[in-house]
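Numbering (our numbering), first residue to last: 402 to 583.
Next up, the structure:
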């Protein structure tokens, strides 16, 4: 895998990021505008983080390794929420991910964890955020298209298929990589 596309701007000696009210936020971007947004944030001296993954892309006449955003449609930025206008004015930024109308900060440890991962040589891939109890759909294999409830998720997932009307169910193990949230 690769390293991230990361711009870091050292904090001044006057104080830390927390002292300045700087928090991480997820920016929702237009399709395929993640890199453009990251570059604009860099020009505005706003710390940006765009984790990427190397993928092969195929055209009619050739194949080439290119950097894809690990989380398509999103770029991360650290800024004071009261000074968000320059962030929102970046071409390609649709909005700041918000909860109940207020920009929702991301805990530092979540960004730090992703940074630490991409700084290693470990193989990593994006995966759906699924958990026990969710309805999931099988995307590959002999059960493709089947919808059931996820009972256990590790390298194998136990999928429960039910007939609710009669209160009966059957469970089967599937590869966790073959399911997605329904």
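C-beta atoms are modelled at their ideal positions from N, C-alpha and C, and glycine is treated no differently.
Could you check the C-alpha separation between residue 562 and residue 434 for me, to the nearest Å? Residue 562 and residue 434 have their alpha carbons spaced roughly 40 Å apart.
**Request:** For my contact list, residue 487 and residue 447 are in at a C-beta cut-off of 8 Å; report their separation, rounded to the angstrom.
**Result:** 7 Å
Check your understanding: Going by other Cβ atoms of all chains shown within 10 Å of its Cβ, with 16 needed for buried, is residue 483 buried or exposed?
Key -> That one is exposed.
Query raised in the report: With a Cβ-Cβ cutoff of 7 Å, do residue 504 and residue 497 count as a contact?
Result: yes
| task | At 3 residues or longer, and completely inside the stretch 492-518: list those beta strand (DSSP E) runs for me, N to C. | result | 494-497
Quiz item: With which residues is residue 460 paired in a DSSP beta bridge?
Solution: Note: residue 460 sits in no beta bridge, so no partner.
- Candidates 519, 421, 500, 512: closest to residue 453 by CA position: Ranking 519, 421, 500, 512 by CA distance to the CA of residue 453 puts 519 first.
Among residues of its own chain, excluding the 5 on either side of residue 429, which ones have a beta-carbon nearer than 8 Å to its beta-carbon? 474, 475, 494, 495, 496, 497, 498
> Residue range of the beta strand (DSSP E) that residue 433 falls in?
Replying inline: No beta strand (DSSP E) holds residue 433; DSSP gives it neither H nor E.
CA-to-CA distance, residue 458 to residue 467, given in whole angstroms: 7 Å
Is residue 487 helix, strand or coil when you go by DSSP? helix
Drop a sphere of 10 angstroms on the beta-carbon of residue 517, count the other beta-carbons inside from all chains shown, and report buried for 16 or more, exposed for fewer. exposed
For residue 576, the first and last residue of its enclosing beta strand (DSSP E) = 569-576
Assigned secondary structure, residue 428 (DSSP; H/G/I helix, E/B strand, else coil): strand
Query raised in the report: What do you get for residue 479, buried or exposed, if any count of 16 or more other CB atoms within 10 angstroms of its CB means buried?
Result: Result: buried.
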